[in-house]
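A.B. asks:
Numbering (our numbering), first residue to last: 818 to 862.
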């Protein structure tokens with residue numbers, strides 16, 4: 818029983834993490850483009 822509970826918890830946390838990442842990328846304003854470092858990001862502002 819406990820292995821099923823663990824599997825359900827693990828799956829739910831993955832879904833939550835994926836949803837959080839998608840929302841964060843949408844709100845980022847860069848279209849999900851990753852910057853190499855903070856200085857590059859500051860120069861693009």
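In this text, a Cβ means the ideal position worked out from N, Cα and C, and glycines have one as well. Note that the structure is a prediction, hence the values are computed from the model and not measured.
When DSSP labels each residue in this structure, what does residue 846 get in the three-state scheme?
C.D. replies: Residue 846 falls in the coil class under three-state DSSP.
A.B. asks: Alpha carbon to alpha carbon, what distance is there between residue 843 and residue 821?
C.D. replies: When rounded, the distance between both Cα atoms is 33 angstroms.
A.B. asks: State the Cα-Cα distance for the pair residue 823 and residue 832, rounded to the nearest angstrom.
C.D. replies: So the alpha carbons of these two residues sit roughly 14 angstroms apart.
A.B. asks: Look at the alpha carbon of residue 829 and the alpha carbon of residue 837, and state the distance between them as a whole number of angstroms.
C.D. replies: One C-alpha to the other measures close to 12 angstroms.
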